[in-house]
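With mature numbering (1 follows the signal peptide of the UniProt record, and there is no 0) as the guide, the letters of the sequence shown map in order to residues -31 to -1, 1 to 233.
For each residue, glycine too, the CB sits at the ideal point set by N, CA and C.
From a predicted model like this one, the values you see are computed outputs, not experimental measurements.
Notes for the one structure printed next.
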Amino acid sequence: MPRLRAPRVAAALATVTAAALVPLTVAPASAAPVAQAPTATTTTAATLPATTRTTVRWVKKDRARVVAKRDRSSRTIARPSDGTRLVVVDRAVNQLKVRLPSGRTGWIRKAVVTTTPLTDVAGTRYTTGRVKVTKKINGSSRTVATAALGTELKRTARTTGRDTNRVKVKLPGGKTGWISSSRLTTRDVWGQLANCESGGRPGINTGNGYYGMYQFTASTWRAVGGSGLPHRHGAAEQTKRAQILQARAGWGQWPHCTSKLGLR
């Protein structure tokens, strides 16, 4: 059996002892304090600051009610129109606390907002047929107006993201509502037809029994509710009567020009 080598054991013990006896270095009072390592804490979803959970919603019910407190009987502080962008700052089961464009905050029902983004747009479009205009983004909501073929509409907003087929429009009478983008075109059908029929001149009287932009006869004009003679009325009134005639009898009332324009 080999014998222990005492000198090596003694040397090892001396090394350990020396390390244990290294004196602590104490900083003088004037020295800068040593920064303490941050203490780890557990953060739960309930304690997350609102900014880490911020999302955006858009109002889908016109004049939706925003109240001051979570209680629905609380006073109403705002009624934003459909399409208004809201920033979510807190949540409850059926409600969201939101920041309005004005900076005010309040509570709104989840059911009246959507995650489908809306963007402001501008520009003129024309209907491609007889189209229903609805009160809300949802196409099955209440109809507020029916636009005839070729009605000029002003776009004010549209949906984006996954749902791009709804556009908010303003009708000639001032009403607003939502319409399918597939029923709109940049083509001014009635303007093109009027240019073909008469050079687009509302006051034209050819002297051969045809009058105005759409070359009505006096009897046809009266049949669609017109008074007097067509060329004595403005372009808007003549277009309105032409739309009525087209809805009743089709494009065949203007056989040459509608064929030329590819409308039939």
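Whole-number beta carbon distance between residue j and residue i, since they are thought to touch under 8 Å
i, j, result
"Val25", "Val56", "6 Å"
"Lys144", "Ala114", "5 Å"
"Ile173", "His200", "6 Å"
"Lys79", "Leu65", "6 Å"
"Val67", "Ile77", "5 Å"
"Thr101", "Thr112", "The sequence shown places Lys at residue 101, not Thr. 5 Å between Cβ atoms; contact."
Residue i beta carbon near the ligand FMN (any heavy atom closer than 8 Å)
i, result
"Asn174", "Because no ligand of any kind appears in the structure shown, any question about the ligand FMN cannot be addressed here."
DSSP three-state assignment for residue i, whether helix, strand or coil
i, result
"Leu214", "helix"
"Arg54", "strand"
"Thr189", "helix"
"Lys209", "helix"
"Gly221", "helix"
"Arg152", "helix"
"Gln64", "strand"
"Thr21", "Note on Thr21: pLDDT 37, under 50, position unreliable in the model; the coordinate value appears next. Note: Thr21 maps to helix in three-state DSSP."
"Lys101", "strand"
"Val90", "coil"
"Arg201", "helix"
"Leu162", "helix"
"Ala117", "coil"
"Ala80", "helix"
"Thr227", "helix"
Residue environment, residue i, which counts as buried when at least 16 other CB atoms sit within 10 Å
i, result
"His225", "exposed"
"Gly168", "exposed"
"Arg41", "exposed"
"Lys209", "buried"
"Arg135", "buried"
"Thr227", "buried"
"Gly98", "exposed"
"Gly142", "exposed"
"Ala211", "buried"
"Thr189", "buried"
"Thr175", "exposed"
"Gly52", "buried"
"Ala6", "Unreliable placement is indicated for Ala6, whose pLDDT of 46 sits below 50; no coordinate value is reported for it."
"Ala14", "Interpretation of Ala14 is limited by its pLDDT of 35, a score under 50 that renders its predicted location unreliable; the figure taken from the coordinates is listed afterwards. Per the 10 Å Cβ criterion, exposed."
Contact under 9 Å by Cβ, residue i with residue j
i, j, result
"Ala192", "Leu162", "no"
"Thr83", "Trp27", "yes"
"Tyr183", "Trp220", "no"
"Gly72", "Ala37", "no"
"Cys165", "Leu230", "yes"
"Ala116", "Thr85", "no"
"Arg127", "Thr88", "yes"
"Gly197", "Phe185", "no"
"Ala216", "Pro171", "no"
"Gly108", "Ser43", "no"
Does the stretch 29 to 38 touch the stretch 47 to 55, meaning 3 or more C-beta pairs lie closer than 8 Å?
yes
Taking 8 Å as the threshold, find out whether the stretch 140 to 157 comes into contact with the stretch 178 to 187 through three or more Cβ pairs.
They do not touch, by the three-pair rule.
Is there contact here, the stretch 146 to 155 with the stretch 108 to 122, by at least three beta-carbon pairs under 8 Å?
These segments touch.
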